[in-house]
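Have a look at the structure below before the remarks.
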Amino acid sequence: MRITDTSDLWWKNAVVYCLDVETFFDADGDGVGDLQGLAERIDYLAEMGVTCLWLMPFYPTPDRDDGYDVSDHYGVDRRLGSLGDLVELVRTARDRGIRVIADLVVNHTSDQHPWFKEARKSTDNPFRDFYVWRADEPPDTSGQVVFPGQEDSIWEHDERTGEWYLHRFYKHQPDLNVANPVVRDEIAKVMGFWLQTGLSGFRVDAVPFLLETLLERNADDFADPHGYLRSLRRFLQRRTGDAVLLGEVNLPYDKQVDYFGGEDGDELTMQFDFVGMQAMYLSLARQDAGPLADALRRRPVVSPDTQWANFVRNHDELTLDQLSEEERQEVFAAFGPEERMQIYGRGLKRRLPPMLDGDPRRVRMVYSLLFSLPGTPVLYYGEEIGMGEDLDAPGRHAVRTPMQWTAEENAGFSTAPARRLVSPVVTGGFGPQHVNVADQKRDPDSLWSFITRLAQRYRQCPELGWGAYEILEQPHAQVLAHRCTWDDASVVALHNLGPDPVTVPLRLGDVGPGCTLADLLQEGGCELAEGGAAEVLLDGYGFRWLRVRRPGDRRLL
Ligand code: NOJ
929 MRITDTSDLW WKNAVVYCLD VETFFDADGD GVGDLQGLAE RIDYLAEMGV TCLWLMPFYP
989 TPDRDDGYDV SDHYGVDRRL GSLGDLVELV RTARDRGIRV IADLVVNHTS DQHPWFKEAR
1049 KSTDNPFRDF YVWRADEPPD TSGQVVFPGQ EDSIWEHDER TGEWYLHRFY KHQPDLNVAN
1109 PVVRDEIAKV MGFWLQTGLS GFRVDAVPFL LETLLERNAD DFADPHGYLR SLRRFLQRRT
1169 GDAVLLGEVN LPYDKQVDYF GGEDGDELTM QFDFVGMQAM YLSLARQDAG PLADALRRRP
1229 VVSPDTQWAN FVRNHDELTL DQLSEEERQE VFAAFGPEER MQIYGRGLKR RLPPMLDGDP
1289 RRVRMVYSLL FSLPGTPVLY YGEEIGMGED LDAPGRHAVR TPMQWTAEEN AGFSTAPARR
1349 LVSPVVTGGF GPQHVNVADQ KRDPDSLWSF ITRLAQRYRQ CPELGWGAYE ILEQPHAQVL
1409 AHRCTWDDAS VVALHNLGPD PVTVPLRLGD VGPGCTLADL LQEGGCELAE GGAAEVLLDG
1469 YGFRWLRVRR PGDRRLL
């Protein structure tokens, strides 16, 4: 293991934390979180062991899709602060060892973007070709909409010019025409601008749709649409050598490989593991590690410079779209049986702890899994304290409630009157009286303290992010046993998805005489017998991280 490599490809063992500035911390008391407030909470993130902060869109926006409808790619939403505040935040974060990345939303703009306002003026407007138009009546595309029930076509008729424009998402989000080289230049300029403010890269929204537009519009200069992704990556790297593209590509593994650029690894630097996430929920629902183990076995080995990003929750619906109908219904039955908990017929509106009836053993087991799975963990704000959702909030807003800092009024998020808050605070058993940062930070046994410990241990075990991994054979269906190995460093992680204690027989094979297993999350460990054999006890919903120690091993435990 070469520890110095980890500062080079920093994203391979980063601890990523995603938040929306408007719901995190309100410093000026207007009911909306802001950049100044976030800057005041940077030390909180640093203390937790976060090394990369992902900011959801903070750009000027009519806010009809929570900021994913951008009306100016070069600005900051005035409610959140100024460009100056952003730069101050990035500097402060960097000082605390935290890199900042931001959403890059360039598949579409808001219909209030000046480009679109111009484009819809006439068919010969210079901006017309910034978007995708058709003159003939579109066929039925109701099966292609991303938000079923909200839209019924991906084409919208524009009264003024009598043509239809493409919008994969809401009708107020016209798709940009990336087949137009002028649009591609604009996108590069946007990236260049934000890199100049000190960002370390982007979470790239809706990547497959971007490339689809290229393919459908037959961009002359890109016979292969992936060529465009390669050129974006080259541009990024020319401007900021160590910046990353973390792509949203919710596709089967064999397609995702292409978005990494195959063996060359010259497209997206990182991708979320949507397949693994969905398999994990199926495993949790069945209390059978099989689906997750199977996903990990199928997960393609990608170029050493690229990385998988693991997650339990994000800001959207908890999508289960890659499961079969039967599997999805199993997860619905286990974790979201009521219709109001489900959304778009494919996902859940809930956060993890309520789905697990608040059972701390299971919640901790899942986060132990998140941090021990091969790859880079991504937390969504509030997960570290076990926040719940607001099922009365419309759609995906259920999980976009204010951060719960204290048990005080408005969860300590804002001093504004409650009616002026950007969204209501969660009430009931997961409300701030029971779930808040202030209480948990002072309690060594809290979920926050546990997650902080996991983040610390994850950072001390770069083999989890860097290593090759294998699923270890053992007889218990409810147990996931995997091992990550990077050169001479090796960690075994065991997770019991079932309620009953089990003893797991391990055979580590290649481990020589005198080796031991040392627990990393609790005191203890065990001797390894001939052939690396050990019997390891797991509580119901228990988990253990065990480092293989060789005689003379000088790594600190
Ligand atoms: C994916 C984002 O995660 C989601 O929140 C957004 O609505 C769509 N892309 C459109 O930008």
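Position one of the sequence shown corresponds to residue 929 (the numbering used here), numbered consecutively onward. Note that beta-carbon positions come from the ideal geometry of N, C-alpha and C, so glycine has one too. A quick note: this is a predicted structure, and the numbers were derived from the prediction, not measured.
Answer yes or no: do L1008 and V1074 have a C-beta to C-beta separation smaller than 7 Å?
-> no
Please work out which residues of its chain come closer than 8 Å, Cβ to Cβ, to D1244, disregarding the five sequence neighbours upstream and downstream, and give them in chain order.
-> G1275, R1324
Comparing the CB of D1438 with every heavy atom of the ligand NOJ, is any distance shorter than 6 Å?
-> Answer for D1438: no, Cβ out of range of the ligand NOJ.
Beta-carbon separation of Y996 and L973 under 7 Å?
-> no
Residue of D1318, F1130, P1153 minimising C-alpha distance to T1141 = P1153
DSSP-derived helix/strand/coil call for A1262 | helix
Cross-strand partners of N1238 (DSSP beta bridge) = P1305
Cβ-based burial, K1117 [other Cβ within 10 Å; buried from 16] | exposed
T979 vs A942 beta-carbon contact at 7 Å = yes
Pick from G1356, A1217, F1058: whose alpha carbon is nearest that of D1318?
-> G1356
So, are the CB atoms of R1096 and D1103 less than 7 Å apart?
-> Yes, Cβ-Cβ distance for R1096 and D1103 is below 7 Å.
Does the ligand NOJ have a heavy atom nearer than 6 Å to the CB of A1321?
-> Result no, Cβ not under 6 Å from the ligand NOJ.
Continuous beta strand (DSSP E) stretch holding G1453: start and end | Boundaries of the beta strand (DSSP E) around G1453: 1453-1455.
Assign D1052 to one of three DSSP states: helix, strand, or coil.
-> coil
Candidates S1010, E975, L981: closest to Q964 by CA position = Ranking the options by Cα distance to Q964, first place goes to S1010.
Best match in A1417, R1387, H1410 for proximity to S935 [C-alpha to C-alpha] = R1387
List the endpoints of the continuous alpha helix (DSSP H) containing R1158.
-> 1154-1167
Burial state of V887 (16 or more Cβ within 10 Å) = The requested residue 887 is not part of the displayed model; the chain covers only 929 to 1485.
Hey, quick one: how far does the beta strand (DSSP E) through W1083 stretch, first residue to last?
-> 1083-1085
Please indicate yes or no: does the CB of F1097 lie closer than 6 Å to some heavy atom of the ligand NOJ?
-> yes
Start-to-end residues for the alpha helix (DSSP H) that takes in M1293 | Where M1293 is concerned, the enclosing alpha helix (DSSP H) stretches over 1288-1300.
Would A1223 count as contacting chain D if we go by Cβ distances under 7 Å?
-> Checking the listed chains, one finds no chain D in this structure; it contains a single protein chain.
Assigned exposure category for E1311 - 16 Cβ within 10 Å defines buried | E1311 is buried by the Cβ-count criterion.
In this structure, does DSSP put Q1270 in helix, strand or coil?
-> strand
To the nearest angstrom, how far is it from the Cα of R1167 to the Cα of M929?
-> So the two alpha carbons sit approximately 30 Å from each other.
Provide the residue(s) that pair with S1418 in DSSP beta bridges, ordered along the chain.
-> T1413
Inter-stretch contact at 8 Å, needing at least 3 Cβ pairs: the segment 1026-1033 / the segment 1122-1129 | They touch, by the three-pair rule.
Compute every distance between the C-beta of D993 and the non-hydrogen atoms of the ligand NOJ, then say whether any falls below 6 Å.
-> D993: yes, Cβ under 6 Å from the ligand NOJ.
Round the Cβ separation of E1255 and L1210 to the nearest angstrom and send it over; I've been treating them as touching at under 8 Å.
-> Yes, E1255 and L1210 are in contact; Cβ-Cβ is about 5 Å, under 8 Å.
Which residue or residues does DSSP assign as beta-bridge partners of A1461?
-> R1435, A1457.
Range of the contiguous alpha helix (DSSP H) that encloses Y1397 = Note, Y1397: premise wrong, no alpha helix (DSSP H); beta strand (DSSP E) at 1396-1399.
Endpoints, alpha helix (DSSP H) assigned at Y1187 = 1181-1188
In chain order, what residues of the same chain lie with their CB nearer than 6 Å to the CB of F1299, ignoring the 5 residues before and after it?
-> P1305, L1382, Y1386
May I ask you to list the residues that DSSP assigns as paired with Q1199?
-> G1175, W1236
Please list, in chain order, all residues of the same chain as R1477 whose beta carbon is under 6 Å from its beta carbon, the five residues on each side excluded.
-> Contacts found: T1444, A1446.
Between the segment 1286-1293 and the segment 1223-1236, do at least 3 Cβ pairs fall closer than 8 Å?
-> no
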